[in-house]
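Below: one structure, written as structure tokens.
Residue numbers (my numbering), protein chains in the order written: chain A, 200 to 315; chain B, 133 to 461.
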């Protein structure tokens, strides 16, 4: 009897979770590709107050994506993307850099994140 | 009996940047009872007495770097070696704070650059030389070549009554010291009273100087939290290719100039190397004097910068100019 009650509760929780997720649209995904020594695209635009998933994909070796004011600190290796979901709360233009040293030219590996 | 140590009675620090780096002069102050107690502590721990001594810090030689903005390659490094060799008296210790070499995708070529660095640095009369890696030395291979040439990337030692700690914040690829090294740091420091003079040398700044220019260490706060209980902490670093001096909490942070090219003031908008001027090839390894407040800070640093310039000056004359402070070579 006790076991049946636990099963019913678990089923209810799963159903509730599925219902909840159906009500909340998944955040928009913005994908950034990293390779020595550039990001693509070089600029992305986000909306203040809107959740967005930033996904970093590397096509060669370990890279990072650091945008400190937005709390973005991602790492990606070839075949191992990194991602984070954020909701920017302030408009502005923020420089983004690769913070995983990737060779001579690494210092020029940067892009811009605009929050409108 | 309670042991007390007074850093105010123990030493003061003055630093002279010579364009090629910084000459740090440590000297004991009044020989009070508490100063003597500190002296005895260090003598017990490492058998080495305290006394006045001087340090030269050299940084960012980037041996192997070619092309703009500096077409002279190792000339500034070689000149710095001549300048240091002319110091009288000689410093007892030279600290290299990273980016000794410029990296190469070819490990064999990078190994040659390490050898070239050593062939120049071996001309230094001072034989006690300590090194930490910069990202150009150690980030691509995790520090393999650095270790082959200079041993571990982090370590500590005592010298004349100060405890020196070499920290590696580059060889993970990411700008971090890392949990393992921070645990080692805690253990290393546990042997010392909170009043012991601590000198940390590392490559990147241990605080957020300008993160968007990569002038930071991601876990620098964790490192400085470990150091926070210590009353006399001096952090010497490189990486930013310019002299900067920051006082944060009880710690004094000093970056040394580069020996390859200079970066602009972090208050400017663009991180772009300052242009090479053939009329003044060592310009931007220039003069800067900083006076510490000895009244407000017991462990104060006064810094005199001297520019290396085109004018050829004999070592003795040049050094005498530097020792007078603030005069251009």
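Note that the Cβ used here is the ideal one computed from N, Cα and C, for glycine as well. Predicted model only: the values in this text are computed from it and were never measured.
Query, Result
"Bounding residues of the alpha helix (DSSP H) (the contiguous stretch that carries residue 318 of chain B)", "311-321"
"Complete beta strand (DSSP E) runs within the region 268-308 of chain A (minimum length 3 residues, chain order)", "271-275, 281-285, 291-296"
"Exposure of residue 287 of chain A, with buried meaning 16 or more beta-carbon neighbours within 10 Å", "buried"
"Backbone secondary structure at residue 297 of chain B - three-state DSSP", "strand"
"Residue 314 of chain B and residue 351 of chain B closer than 9 Å at C-beta", "yes"
"Rounded separation between residue 200 of chain B and residue 248 of chain B - CA only", "20 Å"
"Inter-residue spacing [alpha-carbon to alpha-carbon] between residue 328 of chain B and residue 362 of chain B", "7 Å"
"For residue 244 of chain B, three-class secondary structure by DSSP", "helix"
"Test: residue 305 of chain B CB closer than 9 Å to a CB of chain A", "yes"
"Coarse secondary structure for residue 161 of chain B, derived from DSSP in three states", "Any reading at residue 161 of chain B must be qualified, since the residue scores a pLDDT of 41, below 50, and its modelled position is unreliable; no value is offered."
"Boundaries (first-last residue) of the alpha helix (DSSP H) holding residue 254 of chain A", "Unbroken run through residue 254 of chain A is the beta strand (DSSP E), 251-257; no alpha helix (DSSP H)."
"Helix, strand or coil at residue 212 of chain B according to DSSP, with G and I counted as helix", "helix"
"For residue 219 of chain B and residue 454 of chain B, the rounded distance between their alpha carbons", "Unreliable placement is indicated for residue 454 of chain B, whose pLDDT of 38 sits below 50; no coordinate value is reported for it."
"Cα-Cα separation, residue 233 of chain B to residue 400 of chain B", "27 Å"
"Contact the region 190-207 of chain B vs the region 291-300 of chain B: 3+ CB pairs below 8 Å", "no"
"Same chain only: Cβ atoms within 7 Å of residue 266 of chain A, ignoring 5 sequence neighbours per side", "293, 295, 312"
"Beta carbon of residue 274 of chain B nearer than 9 Å to that of residue 305 of chain B", "yes"
"Residue 261 of chain B, DSSP secondary structure in three states", "strand"
"Buried/exposed call for residue 137 of chain B, threshold 16 Cβ in 10 Å", "Any reading at residue 137 of chain B is ruled out, since the residue's pLDDT is 28, under 50, leaving its predicted position unreliable."
"C-alpha gap between residue 195 of chain B and residue 288 of chain B, whole angstroms", "26 Å"
"Beta-carbon contacts of residue 297 of chain A that lie in its chain and below 8 Å, excluding the five residues immediately before and after", "233, 236, 238, 262, 263, 264, 265, 305, 308, 309"
"contact_flag[the region 357-377 of chain B, the region 324-344 of chain B] where n(CB pairs < 8 Å) is 3 or more", "yes"
"Residue 391 of chain B - DSSP class collapsed to helix/strand/coil", "coil"
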